[in-house]
Structure formats: structure tokens, C-alpha cells
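Asker: Below you will find the structure I want to go over with you.
Residue numbers (full-length UniProt numbering): 1 to 50.
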């Protein structure tokens with residue numbers, strides 16, 4: 001089982017820096033994300049719906 005905890009310090013910046021690519025490569029079973037600093041309406045469709 002792969003469990004990851006990541007303090008992204010801003011989910012939109014993390015997405016621009018390759019967060020989704022990392023997520024696809026690592027395929028965690030459980031992912032905990034802290035300090036997203038974004039409202040739902042600020043997130044991309046990819047982040048919201050996969």
C-alpha cells in the first residue's frame with residue numbers, strides 16, 4: 001500500500017509544476033493533500049474530476 005502526504009502550499013501552483021503527472025506515475029492508494037489554498041471554483045476540471 002502506498003500512502004503519500006504532501007503539503008502542496010497551493011494546489012494550483014502544484015498542478016502547474018507537474019502534480020498530476022506525479023500522481024499518475026506514483027498511483028498512491030491514499031493521498032493526503034494539505035495547504036491547498038484554493039476554493040472549489042478555482043480548481044481545474046482535471047483536478048476535480050480526474
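Idealized CB from N, CA, C, for every residue including glycine. For clarity, every value in this text was computed on a predicted model and none was experimentally measured.
Under 8 Å, do residue 30 and residue 3 count as touching if we go by C-beta distance?
Answerer: yes
Asker: If you drop the 5 nearest sequence neighbours on each side, which residues of the same chain put their C-beta closer than 8 Å to that of residue 23?
Answerer: 31
Asker: In the DSSP assignment, the beta strand (DSSP E) including residue 7 goes from what residue to what residue?
Answerer: 3–7
Asker: So, is residue 39 buried or exposed, given that buried needs 16 or more other C-beta atoms within 10 angstroms?
Answerer: exposed
Asker: Taking just the CA atoms, how far does residue 33 sit from residue 43?
Answerer: 14 Å
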